[in-house]
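Before any comments, here is the structure.
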Amino acid sequence: MSDSDVIVPGAPAVPTPEAPAVPAVPDVLTAPASDVPPAPRPAPRPPRRLLRAGGATVAAALVGVVIGVGIIEVRYDDPAPATAAPAPASAPAPSATATPFGAKSNGNHFGSLRDLLLPVPAGYGPGSDDGGFGNDVELTGEQLLAAELDDEVLPLPKEQQDKLRKYWNDLHVKAAGVRTYMTQAGELTISMKLRQFNQQEVQKLNEYTAIFTGETGIFRTGPAVPGHAEAHCYLLPAPPSAPIDRLECSAGEGDLLVVMAVEGVAPLPKDRIVAFLAQQLDRLAIPGASV
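Be aware that the sequence shown starts at 269, since it is given in the working numbering, and climbs by one per residue.
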């Protein structure tokens, strides 16, 4: 399930993961020794398909902003000088043609979103493709519009379709970056998305997502992210016995909406997940992104 799979602020349909098949157990009193079942297998890994649920609640919140909060005029004022992010101490010296990246003092970010995304850290490798986007990609605003908005608006009445399209166009979405990660053991998969658009709307959508996930009673309370009050995490609905669990977080950093979706073997390692998100948000810190 993707951002486009849930488009109205209601109870999103979250599929209950199928329990792993249990082999028939022979009668150990009469069966030959070779027929005795082997030791139980380890906990299942998340499916190789990555998180079609990633950011679904943010998509629902976007529709809610349009319908319930209204549309505001959007301007991009960007007078502040750029402050490049410092290069990592362990990285090779940048070439003369290297493109800097970081944040300006007014909160707007510059440079490639692939540079602003957290590099694959120790203990992780590249994850599965996030829908049709791949596992490490940057899209222009036009590409994102073509990839997502049409699916989001199709089920809506015509009047609301027009409002959502106008709202999206008024955001002046500059770009979106997607990178996925998987632990070496394969039990945890993470999708990180950066969406760059008007700061006011970034904050509005992030705050509305927090309200939507906190007050509907549908979602389970997620962990806090120390040092990042702008970040909100929530667990998607799931039965207590589900072997796979899912968690989503959103945060607003200047002109970037950060959406992280996590899928893994239950119970999820929340401390590890929170630390992962904190590293991404620290990288986007203002006035300069820290590497």
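The beta carbon of each residue, even a glycine, is placed where N, CA and C say it ideally should be.
Q) Gly391 lies in the beta strand (DSSP E); which residues open and close that run? A) Per DSSP, Gly391 belongs to no beta strand (DSSP E) and is neither H nor E.
**Q.** Straight-line Cα distance separating Gly520 from Ala497
**A.** Using only the alpha carbons, I get a separation of about 10 Å.
Q.
For the alpha helix (DSSP H) containing Ile479, name the first residue and the last one.
A. Per DSSP, the continuous alpha helix (DSSP H) segment holding Ile479 begins and ends at Gln467 to Glu483.
**Q.** Contact under 7 Å by Cβ, Pro494 with Cys501
**A.** The answer is no: Cβ separation not under 7 Å.
Q: Just mark Ile479 as buried or exposed, buried being the case when its beta carbon has 16 or more other beta carbons within 10 Å.
A: Ile479 comes out exposed.
Q: Quick one: grab the DSSP three-state call for Ile512.
A: In the three-state DSSP reduction, Ile512 falls in the strand class (E or B).
Q: Identify the continuous alpha helix (DSSP H) that holds Glu427 and give its terminal residues.
A: Note, Glu427: alpha helix (DSSP H), Lys426 to Leu439.
Q) What whole-angstrom Cβ distance do Arg530 and Ile541 have, given they're in contact under 8 Å? A) According to the sequence as given, residue 530 is Val; it is not Arg. Contact annotation, Val530 with Ile541: C-beta distance approximately 5 Å; criterion of less than 8 Å satisfied.
Q: Alpha carbon to alpha carbon, how far is Ser373 from Val403? Give it in angstroms, no decimals.
A: According to the sequence displayed, residue 403 carries Asn and not Val. Straight-line Cα distance between these residues: approximately 30 Å.
Q) Hey, out of Leu456, Gly379 and Gln464, whose CA is closest to Ala444's CA? A) Closest option to Ala444, Cα to Cα, is Gln464.
Q | Counted within 10 angstroms of its Cβ, other Cβ atoms place Asp398 as buried (16 or more) or exposed | A | Burial state of Asp398 is buried, judged by a 10 Å Cβ sphere holding 16 or more other Cβ atoms.
Q.
Rounded to the nearest angstrom, what separates Arg433 and Leu473 at their Cα positions?
A. When only Cα atoms are considered, Arg433 and Leu473 end up about 16 Å apart.
Q: Measure the CB-CB distance between Thr477 and Tyr392 and report whether it falls below 7 Å.
A: No; because the gap between Cβ atoms is not below 7 Å, this pair is not in contact.
Q | The alpha helix (DSSP H) enclosing Ala546, as first and last residue numbers | A | Lys538 to Arg551 is the span of the alpha helix (DSSP H), which, as asked, contains Ala546.
Q) Taking just the CA atoms, how far does Ala534 sit from Ala506? A) Just so you know, the alpha carbons of Ala506 and Ala534 end up roughly 10 Å apart.
Q: Indicate the three-state DSSP secondary structure (helix, strand or coil) for Leu462 in the structure shown.
A: Leu462 falls in the strand class under three-state DSSP.
Q: Assign Asp523 to one of three DSSP states: helix, strand, or coil.
A: In this structure, Asp523 counts as coil in the three-state DSSP scheme.
Q | Between the CA atoms of Leu504 and Leu515 - distance to the nearest angstrom | A | Those two C-alpha atoms are separated by around 6 Å.
Q: Would you check if the distance between the CB atom of Lys426 and the CB atom of Val446 is smaller than 7 Å?
A: Cβ atoms of Lys426 and Val446: not closer than 7 Å.
(Q) Buried or exposed for Asn466, going by 16 or more other Cβ atoms inside 10 Å? (A) Buried is the call here.
Q: Measure the C-alpha to C-alpha separation of Pro508 and Leu456 and round it to an integer number of angstroms.
A: Taking the CA atoms as reference points, Pro508 sits about 18 Å from Leu456.
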